[in-house]
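The block underneath contains the structure these notes are about, expressed in structure tokens.
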Amino acid sequence: MTVLFRMEPGSLGPDGAQYVAEFCEFAQVQLQACAEMYIRWAIVPRLDKSLVEMEFQLSSKKLTTAKAGQYLAVFGENLDHFEEQLENNLEAIINQYFGR
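Per the working numbering, the very first residue in the sequence shown carries number 515; after that it's consecutive.
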């Protein structure tokens, strides 16, 4: 399953728009390095607020949140836990990116 996560430039601070694209590349490498074999990450800047922050795809087809939860359950994972882990990992990656 591909997880498309759109990163808000503002999450990187007031000047986030200047380096959100570079950060997304960095974050994607970091997340993919520790990802389970059934997850493929796509981290991109969220420049259009009308698009959802996180989108799930399987074979290039969009999945509903419920279907993504069912897919994760096959591997013993819970969607809420998955999202919580993502938030924690992104916080750590932001700190790593800025050398904090």
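Ideal placement from N, C-alpha and C gives every residue a C-beta, glycine not left out.
Could you tell me which residues DSSP puts in a beta bridge with residue i?
i	result
K616	Here the chain covers residues 515 to 614 and nothing more, so residue 616 does not appear.
With DSSP as the reference, label residue i as helix, strand or coil.
i	result
G583	helix
V566	coil
Which residues mark the beginning and the end of the alpha helix (DSSP H) in which residue i is found?
i	result
Q596	Checking the sequence, you will find Phe at residue 596 rather than Gln. Counting along the chain, the alpha helix (DSSP H) containing F596 begins and ends at L593 to Y611.
Compute the beta-carbon to beta-carbon distance between residue i and residue j, rounded to the nearest angstrom, for a pair I have assumed lies under 8 Å.
i	j	result
I607	Q544	5 Å
L526	V534	6 Å
I553	M515	6 Å
L586	L593	6 Å
A582	F570	4 Å
Those runs of the alpha helix (DSSP H) which lie wholly inside the stretch 515-563 and span at least 4 residues:
Listed in chain order, the complete alpha helix (DSSP H) runs (minimum 4 residues) inside the stretch 515-563 are 530-547.
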